[in-house]
Each structure stands twice: as C-alpha cells, then as structure tokens.
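In the working numbering, the protein residues as written are 32 to 256.
Here it is, written out as structure tokens:
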C-alpha cells in the first residue's frame, strides 16, 4: 500500500499566522529574499530571477504550512467500532504504511524526504479509530514544518496517542537528508531511521517485532524512496 498526500494540501489553520494573511507574508518576504539573492552574488533583476523572490516566498510558506496547523483538525474525525469489528482483548493493529513525505531540515533549510509507517492498537474499551487518510494527513502536517526527523517521529506517535487514546502506537520514519547528500559528508545512499513507541509497544516487544516483520514482508523491505 502506498499513501501520498498532494503538495497543495491545505491545512485548516495554515493560511494565517501572527495575524497576517498568506499574501501579506509573501509581500514581507519578497524584499528579504531579494536581499539573499544579492548576498549570494546574483542579480535579482536578471531574466531568470525576476519572479524568483515571489515564487520562493510562496514555496517557503507551502513547505511550512503545517506550522500553524493542529493534528486535532484531522484526528477529531473518529469512528466507534462494535464488538464484531474489534473484540475485547484483541491486539490486532491498524497499520498505514509507506506514507511519503517531504520536510525541511531546520538546521540547513535543506529538504529531507522519505516514508513513514504507523500502527496503532485501538483501546478495547472505547474502540475508537480514525479514518485511514487522517494518519497520512498527520504525517504530512508535521512534515510541513521546519523539522528534525527525530522530533517529527515522536510528534506523529504522540498526536495519535493523545487524540485516539489507543492501547499503543508505533511510528517508523526512514528518510534521506539532502544536508548529507549535497554538503558535508556527501553520503548519497545513506538514510536515517527513527522510531517512536507508546503504550503496549513499550511493554510488549513482540508487538514491535510483529509490526517490523510486516514491513519486511512488503516487497522484502519498506518502500522508502
């Protein structure tokens, strides 16, 4: 299963920040980005760069539109299963794998991209679940911020744990970082894997093992890039 969220995904609270509309923020960013181009030794008036500050400003706001958004906007959409759907005592998982994302490293402002794999076990008392697409949207929400992968992974797991109150949740994120590809060590084939666990995934290692075995079953390995 492959899950993608379109690049023009709009978040409910993502168009205003600090009392400014998107258009107002673009207007304030443009002269600053023109100055950046000048400091890089470029001429903002040359043909190829004349509209670059505007495009760049709009792109930056797209890359970070999850900053003002809340996972509650998506995880408040819940459903309650009956006994036939989810019997008491079950530790069966709901897994959404291969959620593709692109984020921006807050240290170098370089992109990192990869996939997230998320599973949770509904609480047998409440039997609350959310729509499958909502898990993908939560991943995208946190990816659309200035981020580090370690924190993003924890945020995904924490949001699902806080809003759905499942027995447990686990998130595995694997990504390639352009700050390691285009600069520094220049490791083009290297990826970073981070995990976050909550609830029974902390106390029952066999559940984590089952989840990881499932990922390995999908074409031999998780779909990363």
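All C-beta atoms in this analysis are idealised placements derived from N, C-alpha and C, irrespective of residue type, glycine included.
Would you give the residue range spanned by the alpha helix (DSSP H) that residue 185 belongs to? Here residue 185 corresponds to residue number 154 of the chain shown, with the count starting at 1. Run containing residue 185: 180 to 195, per the alpha helix (DSSP H) assignment.
Beta bridge counterpart(s) of residue 151 as assigned by DSSP: The count along the chain shown starts at 1 and reaches residue 151 at position 120. Beta-bridge pairing links residue 151 to 125 and 200.
Go through its chain and collect everything with a Cβ distance to residue 149's Cβ below 6 angstroms, but skip five positions before and after it. Here residue 149 is taken as the residue at index 118 of the chain shown, counted from 1. Cβ neighbours of residue 149 beyond the five flanking positions: 127, 166 and 202.
Hey, quick one: how far does the beta strand (DSSP E) through residue 229 stretch, first residue to last? As a first step, residue 229 is located in the chain shown; it is residue number 198 there, counting from the start. Here the beta strand (DSSP E) through residue 229 covers 223 to 230.
Helix, strand or coil: how does DSSP classify residue 95 here? The residue labelled residue 95 in the question sits at position 64 within the chain shown. If DSSP states are grouped into helix, strand and coil, residue 95 belongs with coil.
In angstroms with no decimal places, state the Cα-to-Cα distance between residue 75 and residue 111. For this step, residue 75 is matched to residue 44 along the chain shown. For this step, residue 111 is matched to residue 80 along the chain shown. Taking the straight line joining both Cα atoms gives about 56 angstroms.
By Cβ distance below 7 angstroms, which residues in the same chain neighbour residue 32 in space, the five residues on each side in sequence not counted? Residue numbering aside, residue 32 sits at position 1 when the chain shown is read from its first letter. Any reading at residue 32 must be qualified, since the residue scores a pLDDT of 45, below 50, and its modelled position is unreliable; the value itself is stated next. Excluding positions up to five away in sequence, the list reads 128 and 129.
Give me, in chain order, the residues of the same chain whose beta-carbon lies closer than 6 angstroms to that of residue 87; leave out the 5 immediate sequence neighbours on both sides. Residue numbering aside, residue 87 sits at position 56 when the chain shown is read from its first letter. Taken in chain order, the residues that qualify are 64.
Neighbour-count burial assignment, residue 61, 16 or more Cβ in a 10 Å radius: Mapped onto the chain shown, residue 61 falls at position 30. Classification for residue 61: buried.
Buried versus exposed, by CB contacts within 10 Å (16 or more), residue 109: Taking the chain shown and counting its residues from 1, the one referred to as residue 109 is at position 78. Classification for residue 109: exposed.
Straight-line Cα distance separating residue 113 from residue 188: Reading the chain shown from its first residue, position 157 is the one you call residue 188. Reading the chain shown from its first residue, position 82 is the one you call residue 113. Whole-angstrom Cα-Cα distance: 25 angstroms.
Applying the criterion that 16 or more other CB atoms from any shown protein chain within 10 Å of the CB defines a buried residue, is residue 253 buried or exposed? Position 222 of the chain shown holds residue 253. Low per-residue confidence applies at residue 253: pLDDT is 48, beneath 50, and the placement is therefore not dependable enough to give any value.
Which residues bound the beta strand (DSSP E) around residue 108? Within the chain shown, the letter at position 77 stands for residue 108. Neither: residue 108 is in no beta strand (DSSP E) and is coded neither H nor E.
Own chain, CB closer than 8 angstroms to residue 210, minus 5 neighbours either side, in chain order: On the chain shown, residue 210 is found 179 positions in, with the first residue counted as 1. Result list for residue 210: 136, 138, 139, 141 and 143, in chain order.
Residue 160 versus 197, 183, 178 and 240, residue with shortest Cα-Cα distance: Walking along the chain shown from the start, residue 160 turns up at place 129. The shortest Cα separation from residue 160 among 197, 183, 178 and 240 belongs to 197.
What does a CB cutoff of less than 8 angstroms around residue 181 pick up in its chain, not counting 5 residues either side in sequence? Along the chain shown, one-based indexing puts residue 181 at 150. Counting only Cβ-Cβ distances below 8 angstroms, and skipping sequence neighbours, we find 225.
One or two residues paired with residue 136 in a DSSP bridge: The residue you call residue 136 lines up with position 105 of the chain shown. Residue 136 is bridged to 178.
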